[in-house]
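Residue numbers (numbering that gives the first Met the number 0), protein chains in the order written: chain A, 0 to 498; chain B, 0 to 255.
All residues carry an ideal CB built from backbone N, CA and C; glycine is no exception.
Keep in mind that this is a model prediction, so the values were computed, not measured.
Encoded as structure tokens, the structure appears first; notes follow it.
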Amino acid sequence: MSSEVSQNLEQDAVLRASIDRSLRHPVMFFLTSGAAWLAVSIILGVISSAKVHSPGFLDGCGWLTYGRTQAAHVNALIYGWGFQAAFGVIVWMLSRLSRQECRASGIILTAGHVWNFGVSIGILGILAGYGTGMPWMEFPSFCWPVLLLSYFAIVVWSLVQFKVRPEGHVYISQWYLMAAMIWFPWVFITANVLLHVIPGNPVMAAGINAWYKSSLIFLFFTPVALGTAFYLVPKVSGRPIFSYSLAQFGFWALAVIMPWAGMQKLTGAPIPYFIPYLGAAATIMFFVPAFSAAVNILRTAIADPELVNHSPTLRFTMAGVIGLIVMAVAAVFLNIPGKTLEFTQFSMSGYGFEILAIYGFFSFVMFGAIYFIVPRVTRREWLSRRLIKWHFFLSVYGIVFIAVIAIFGGVQQGIGQEAFDQPWSEAAQRAFPYAVFITFVWFFIMLSNVFFFLHLTVMWLRLGRRSTHPTLLVSGHHGSPHGEDGDIDDAGSIAASAH
Amino acid sequence: MSSPNQHSKPDLDETINVTRAHGRVANESAAAAREKHLSDSGHESVPLWVITACGVVLLIAGGVLGNAGTLFSYNNTFREGYVRGTAPGGSDSGPEAKAALAAFSAKGSKIYSAKCNGCHGADGKGDGANYPSLVGSAFVIEESQKFAMIILNGIQGPISTGKTYGAGIMPPQGAGMTPEDLAGVMTYVRNNFGNSTGDVVTVEMAKAALDLSASREKAGQSVTSEEILAKHKVMLPGEQMAPDMMVNPATLAPME
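Below you can see the structure in the form of structure tokens.
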């Protein structure tokens with residue numbers, strides 16, 4: 000009996016290893032080039048943020064004006080890092096959950112290169128001055144079909160795998176990831192067709208644009224990150240999800256509420272009066288799916304705080320989930336019409352909220368997933384726990400400061416803007432100290448992600464540790480700073496007898 | 000690319016060192032092997048404070064929705080009965096005062112584009128065949144009562160020059176006109192397109208014109224040249240207003 004069980008476990012492990020191996024190239028490509036785009040995005044973010052308080056910085060170069068670098072910064076963050084990290088995690092996780100090797104990794108890798116090409120052309124287009132000026136859709140308008148087609152070529156295999164999966168139950172992560180995969184093209188096609196192909200009323204176009212931004216956050220990045228967190232935490236801790244029915248409730252709440260959000264950014268604009276209120280109410284209600292999922296995940300993991308502390312995966316994922324709680328609370332407080340909305344509508348607190356969503360929540364969960372996935376697909380362990388720790392602490396402190404400063408600084412700026420009998424420079428003056436601090440903090444996040452990118456690149460080159468022991472974030476003076484020395488596997492000549 | 004599966008059947012070939020192959024499997028899938036199984040068997044009850052927190056947020060969201068007016072009514076772009084509040088600090092007490100002639104003309108030009116433009120043209124010159132010119136016309140620039148009666152009731156037959164244009168009918172334009180509208184459009188036409196009487200037709204005068212028009216003998220019928228020349232060859236009653244008097248451009252009432 001027990002030998003049968005161990006036989007099953009071994010077969011299981013072999014199957015997992017073969018799935019991981021089949022996806023090694025596309026997954027590592029997505030994650031590494033995503034990390035590279037993240038670094039590019041943050042460098043552009045530092046430049047654009049510096050221009051807010053020091054307009055003379057790099058002012059001789061037309062390619063690096065604020066309007067271009069800020070747009071390139073955000074678009075590189077969304078399409079370069081966010082989507083590629085999501086692709087890497089989606090194709091890997093859905094293969095694992097459908098228990099099948101991926102048979103289309105060549106096509107996925109090719110499509111990934113096409114996506115990268117589209118993003119590169121888009122970013123260059125923005126910097127060259129061909130941006131469209133629509134937030135989050137600044138890529139020149141010929142880019143979106145390229146991105147859309149490569150998107151389908153990347154994710155369709157996961158849908159096929161799901162279709163032919165072995166019989167069985169559909170796990171909550173599959174719900175979240177599949178939903179995100181289906182919602183994204185709906186949102187993307189709707190917004191791009193209505194804005195680029197059949198442009199209508201320009202006021203409504205601004206509304207559609209605002210809805211697009213909000214939908215990318217709430218209907219793509221959020222479900223991808225939640226699906227990932229619901230996978231990672233039980234995987235590492237071995238505990239069942241605290242309340243599975245609460246997780247299902249959270250999914251449906253997200254699906255029902257979030258498509259209505261977004262147009263509160265047009266409060267006061269000549270669009271039908273109820274629309275901004277509906278958007279504000281839906282964004283406020285984001286708290287319900289977000290908070291219930293966050294509590295669920297935290298309660299699952301927190302039973303073993305030491306494990307959360309030691310496992311890079313859990314540590315990053317938990318930080319992301321806490322980011323989600325902050326984001327949920329911010330969604331409530333920033334969107335109350337007549338109280339706070341008018342201060343946040345046109346100020347940098349909107350940016351603060353977006354960075355909180357994309358970096359403070361989504362990216363942290365993606366980092367957690369990357370620390371989990373990469374050792375599996377490369378069959379090498381992370382080289383240095385110090386690099387992981389630096390990445391973690393610089394990122395956590397960085398994002399806390401950026402989000403807090405941008406959101407509160409934005410409210411200050413908004414108060415300045417509302418006093419319309421005062422000169423505009425007063426509002427800029429109010430935002431000035433916050434802008435200086437944001438530049439400063441972006442610089443630290445940049446350092447953190449340079450460490451991360453280098454570490455990941457080394458792993459991509461398969462220069463990681465050959466060991467059967469994971470790299471854990473144990474502190475103390477015993478042992479090597481690079482993790483426990485395991486039995487070094489030189490292609491099987493030494494049997495794993497020691498353990 | 001070699002598949003790890005080829006090592007997973009070490010017993011097939013006796014030349015394979017089983018222990019060694021087994022160790023290799025263990026190493027290659029070490030990371031995969033130390034994973035735990037996913038489980039969805041968690042059925043802890045949801046803590047009450049989570050439900051409470053969500054309930055509070057739903058109340059806030061409900062309050063926001065309650066202010067949304069009629070949901071899905073696509074015709075209203077602002078709240079019903081909305082009046083623009085004064086700005087913080089109270090420095091904004093409505094629109095800035097404007098000289099009367101400019102303010103009345105500005106209001107009148109809007110009425111003109113809506114009601115008169117189609118026939119008399121943007122330059123007020125008509126087309127010479129069907130629609131007469133307003134420039135220098137005696138009915139326009141002389142006594143204001145004549146002009147008011149024509150606007151409010153229309154005119155049939157020949158006009159001041161004795162010529163009949165087109166079918167000889169101008170339809171009445173008075174429907175829905177407020178005294179402010181009439182005062183504005185009259186001031187506008189009498190001081191534009193080359194006309195320059197320099198006087199303002201006040202709201203008081205326009206009100207008098209509306210009353211006069213309603214109490215005509217043949218009320219509801221268009222006026223004729225004879226009727227105008229016989230009965231309305233006077234200025235509208237009311238106090239004159241200096242053209243540079245400061246007025247509220249929205250209400251046309253005098254302002255300090």
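Proximity winner among PHE285/A, PHE391/A and ALA260/A, relative to HIS309/A (alpha-carbon distances) | Counting from 1 along the first sequence, the entry for residue 309/A is found at position 310. Looking at the Cα atoms, PHE391/A is the closest of the given residues.
Is GLN99/A helix, strand or coil by DSSP?
-> Residue numbering aside, residue 99/A sits at position 100 when the first sequence is read from its first letter. In the structure shown, GLN99/A sits in coil (DSSP, three-state: anything other than H, G, I, E or B).
Looking at the unbroken alpha helix (DSSP H) that takes in ILE283/A, where does it start and where does it end?
-> For the purposes of this step, residue 283/A is identified with residue 284 of the first sequence, where counting begins at 1. For ILE283/A, the enclosing alpha helix (DSSP H) starts and ends at 273-284.
Helix or strand or just coil, what does DSSP make of GLY491/A?
-> Counting from one through the first sequence, the residue named residue 491/A turns up at place 492. For GLY491/A, the pLDDT reaches just 37, beneath the cut-off of 50, and the residue's location in the model is therefore unreliable, although a value from the coordinates is still provided. In the structure shown, GLY491/A sits in coil (DSSP, three-state: anything other than H, G, I, E or B).
Report the residue ranges of all alpha helix (DSSP H) runs contained in full by the stretch 32-66 of chain B; include only those spanning at least 4 residues, in chain order.
-> Scanning the stretch 32-66 of chain B from its first residue to its last, the whole alpha helix (DSSP H) runs of 4-plus residues come out as 47-65.
Check whether the Cβ atoms of ARG240/A and THR299/A sit closer than 8 Å, and answer yes or no.
-> Reading the first sequence from its first residue, position 241 is the one you call residue 240/A. Reading the first sequence from its first residue, position 300 is the one you call residue 299/A. Strictly speaking, residue 240/A in this sequence is Ile, with Arg absent from that position. Yes.
Residue-level contact to chain A via CB, ARG189/B, 8 Å cutoff = The sequence position of residue 189/B within the second sequence is 190, counting from 1. At a cut-off of 8 Å between C-beta atoms, ARG189/B does not count as an interface residue with respect to chain A.
Since TYR130/B contacts VAL184/B with CB under 8 Å, what's their CB separation in whole angstroms?
-> Here residue 130/B corresponds to residue number 131 of the second sequence, with the count starting at 1. Here residue 184/B corresponds to residue number 185 of the second sequence, with the count starting at 1. About 16 Å; that fails the 8 Å criterion.
Report yes or no: is there a C-beta of chain B within less than 8 Å of the C-beta of ALA228/A?
-> As a first step, residue 228/A is located in the first sequence; it is residue number 229 there, counting from the start. Cβ-Cβ to chain B under 8 Å: no for ALA228/A.
Sequence-distant residues of its chain with Cβ nearer than 7 Å to MET148/B (five each side left out) = Taking the second sequence and counting its residues from 1, the one referred to as residue 148/B is at position 149. Same-chain partners within the cutoff: SER212, VAL222, ILE227 and HIS231.
Taking just the CA atoms, how far does LEU37/B sit from TYR230/A?
-> The residue labelled residue 230/A in the question sits at position 231 within the first sequence. The residue labelled residue 37/B in the question sits at position 38 within the second sequence. Approximately 7 Å between the Cα atoms of the pair.
Since ASP420/A is in the alpha helix (DSSP H), which residue starts that stretch and which ends it?
-> Counting from one through the first sequence, the residue named residue 420/A turns up at place 421. From DSSP, ASP420/A is part of no alpha helix (DSSP H); its letter is neither H nor E.
Going along chain A, which residues have a C-beta under 8 Å from CYS53/B?
-> Locating residue 53/B in the second sequence gives position 54, where the first residue counts as 1. Within chain A, the residues near CYS53/B are PHE286, VAL287, PHE290 and SER291.
Roughly how many angstroms lie between the CA atoms of MET203/A and ILE270/A, to the nearest whole one?
-> Along the first sequence, one-based indexing puts residue 203/A at 204. Along the first sequence, one-based indexing puts residue 270/A at 271. Looking at the backbone, the Cα of MET203/A and that of ILE270/A are separated by about 7 Å.
Residues in the stretch 336-351 of chain A having any Cβ partner in chain B nearer than 8 Å = PRO336 and GLY337
Residues of chain A with CB under 7 Å from SER38/B, in chain order?
-> Your numbering for residue 38/B matches position 39 in the second sequence. Near SER38/B (Cβ distances below 7 Å), the residues of chain A are PRO233 and PRO239.
Verify whether the separation of the beta carbon atoms of THR163/B and GLY156/B is less than 8 Å.
-> For the purposes of this step, residue 163/B is identified with residue 164 of the second sequence, where counting begins at 1. For the purposes of this step, residue 156/B is identified with residue 157 of the second sequence, where counting begins at 1. Result yes, Cβ atoms of THR163/B and GLY156/B sit closer than 8 Å.
Tell me, to the nearest whole angstrom, how far the beta carbon of ILE398/A is from that of LEU472/A; I am working on the premise that it is less than 8 Å.
-> Stepping through the first sequence from its first residue, residue 398/A is reached at position 399. Stepping through the first sequence from its first residue, residue 472/A is reached at position 473. Not quite, the Cβ-Cβ distance comes to about 19 Å (not below 8 Å), so this is no contact.
Taking the C-alpha atoms as reference points, what is the distance between ALA99/B and LEU323/A?
-> For this step, residue 99/B is matched to residue 100 along the second sequence. For this step, residue 323/A is matched to residue 324 along the first sequence. Going by the C-alpha atoms only, they are around 60 Å apart.
Buried or exposed for GLU501/A, please, with buried defined as at least 16 other CB atoms from any protein chain shown within 10 angstroms of its CB.
-> Look at the range of chain A in this structure, 0 to 498, and you will see that residue 501/A is not part of it.
Note down, in chain order, all residues in the stretch 449-473 of chain A with a beta-carbon under 9 Å from any beta-carbon belonging to chain B.
-> ARG465, SER466, THR467, HIS468 and PRO469
What are the boundary residues of the alpha helix (DSSP H) that includes HIS309/A?
-> Walking along the first sequence from the start, residue 309/A turns up at place 310. 304-309 is the extent of the alpha helix (DSSP H) around HIS309/A.
From ILE372/A to SER119/A, what distance separates their C-alpha atoms?
-> For this step, residue 372/A is matched to residue 373 along the first sequence. For this step, residue 119/A is matched to residue 120 along the first sequence. Between ILE372/A and SER119/A, the C-alpha separation is close to 26 Å.
Counting contacts by CB-CB distance shorter than 8 Å, is PHE273/A in contact with chain B?
-> Residue numbering aside, residue 273/A sits at position 274 when the first sequence is read from its first letter. Interface residue, yes.
GLY68/B versus chain A: which residues are under 8 Å apart at the beta carbon?
-> One-based indexing of the second sequence puts residue 68/B at position 69. Taking a Cβ-Cβ cut-off of 8 Å, the neighbours of GLY68/B in chain A comprise TYR272, PHE273 and TYR276, given in sequence order.
Could you tell me whether any Cβ in chain B is nearer than 8 Å to the Cβ of ASP19/A?
-> Working through the first sequence from its first residue, we reach residue 19/A at position 20. Answer yes: the Cβ-Cβ gap between ASP19/A and chain B drops below 8 Å somewhere.
Complete alpha helix (DSSP H) runs within the stretch 133-179 of chain B (minimum length 4 residues, chain order) = Secondary structure within the stretch 133-179 of chain B: the alpha helix (DSSP H) runs of 4 or more consecutive residues, fully enclosed, are 137-140 and 143-152 (chain order).
Reducing DSSP to helix, strand and coil, say where MET245/B ends up.
-> Position 246 of the second sequence, counting from 1, holds the residue named residue 245/B. Three-state DSSP puts MET245/B in a strand.
Between the Cα of PRO54/A and the Cα atoms of LEU455/A, THR438/A and THR470/A, which residue gives the shortest distance?
-> The count along the first sequence starts at 1 and reaches residue 54/A at position 55. Distances from the alpha-carbon of PRO54/A to those of LEU455/A, THR438/A and THR470/A put THR438/A closest.
So what's PRO201/A in DSSP terms, helix, strand or just coil?
-> Indexing the first sequence from 1 puts residue 201/A at position 202. If DSSP states are grouped into helix, strand and coil, PRO201/A belongs with the helices.
So is GLU95/B in contact with chain A if we call contact Cβ pairs under 8 Å?
-> In the second sequence, residue 95/B corresponds to position 96, counting from 1. It does not: the Cβ of GLU95/B has no partner Cβ on chain A nearer than 8 Å.
Are any of the Cβ atoms in chain A nearer than 8 Å to that of TYR130/B?
-> Within the second sequence, numbered from 1, the residue matching residue 130/B stands at position 131. No, because no Cβ of chain A sits closer than 8 Å to the Cβ of TYR130/B.
Buried or exposed (CB count within 10 angstroms, at least 16 for buried), GLU216/B = Mapped onto the second sequence, residue 216/B falls at position 217. With fewer than 16 Cβ atoms within 10 Å of its Cβ, GLU216/B is classed as exposed.
Can you name the residues of chain A whose CB is closer than 7 Å to the CB of ARG83/B?
-> Residue 83/B sits at position 84 when you count from the first residue of the second sequence. Listed along chain A is no residue with a C-beta nearer than 7 Å to that of ARG83/B; the closest approach is about 11 Å.
Nearest residue (CA-CA) to GLN93/A, options PHE273/A, VAL155/A, ILE401/A and PHE366/A = Here residue 93/A refers to the residue found at position 94 when the first sequence is read from its first residue. Checking the sequence shown, residue 93/A turns out to be Leu, not Gln. Comparing Cα-Cα distances from LEU93/A to each of PHE273/A, VAL155/A, ILE401/A and PHE366/A, the minimum goes to VAL155/A.
Using a Cβ cut-off of 7 Å, which residues of the stretch 370-403 of chain A contact any Cβ in chain B, in chain order?
-> PRO374, ARG375 and ARG378
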